[in-house]
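Using the working numbering, you'd call the opening residue of the sequence shown number 487 and step up by one each time.
Note that beta-carbon positions come from the ideal geometry of N, C-alpha and C, so glycine has one too.
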Amino acid sequence: MKFWFKLSVRESLIKHLTSILRSSDGTILVILCDLDGLSIAKIGRKSEIQINPNQITSLASAAFSVSEENWEDLDIKDQVISFTYFEKVCLITIKINHTLLTIVHDYYKDWPLDADGLASSMYYLKEKLEEF
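See below:
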């Protein structure tokens with residue numbers, strides 16, 4: 487007899503965020519939030535670098551809301567990705583549908599990220615988000 491367990495929405499999102507986190511030792515935190523910066527799901531690992539997830543989602547949201555006007559003024563298509571560099575980490579924020587996927591990455595530990603692995607994870611995450 488086989489049992490099939492359907493993952494909850496949150497469990498499914500965490501599963502995909504975990505695959506992104508595990509893809510690089512330098513990745514400290516992965517957060518999915520809405521366009522206003524409200525956190526939907528997050529997963530992270532211990533690090534010496536102090537990170538406040540609420541500040542990260544606010545920065546991610548601001549990176550897209552401020553630049554949206556610039557893109558419209560320049561008559562350029564919608565922004566899809568944002569890189570924000572700090573002294574020890576880089577915030578990589580990717581717009582997926584009406585959500586923002588933010589990866590907090592220690593670029594001293596591991597750089598560059600595996601683009602193929604990241605693209606694959608984003609593809610499956612985008613599919614799941616469309617289902618929800």
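- Message: Helix, strand or coil for LYS574? Go by DSSP, reduced to three states.
- Response: coil
- Span separating the alpha-carbon of ILE517 from that of ILE526: 8 Å
- Leaving out five residues on either side along the sequence, give the residues of the same chain with a beta carbon under 7 Å from the beta carbon of GLY603. SER509
- When you compare each of ILE542, ASN538 and TYR610 to ASN583 by their alpha carbons, which one comes out closest? TYR610
- Item | Rounded C-alpha distance that separates SER606 from THR504 | 13 Å
- Message: Is the separation between the beta-carbon of ALA585 and that of THR579 shorter than 7 Å?
- Response: One detail in the question is off: residue 585 reads as Thr in this sequence, not Ala. Taking 7 Å as the Cβ cut-off, THR585 and THR579 do not qualify as a contacting pair.
- Task: In angstroms with no decimal places, state the Cα-to-Cα distance between ARG496 and HIS502.
- Result: 10 Å
- Message: Taking the alpha-carbon of LYS595 as reference, which of LEU521, ASP522, ASN538 and GLU573 has the nearest alpha-carbon?
- Response: GLU573
- Item | Nearest to ALA601 (by Cα), restricted to the options GLU534, SER547, GLN536 and ILE506 | ILE506
- By DSSP, does HIS502 sit in helix, in strand, or in coil? helix
- Task: Compare the C-alpha of LYS581 against each of ASN538, TYR571 and LEU615 and name the closest.
- Result: LEU615
- Could you tell me if ILE567 is buried or exposed, where buried requires 16 or more neighbouring beta carbons within 10 angstroms of its beta carbon? exposed
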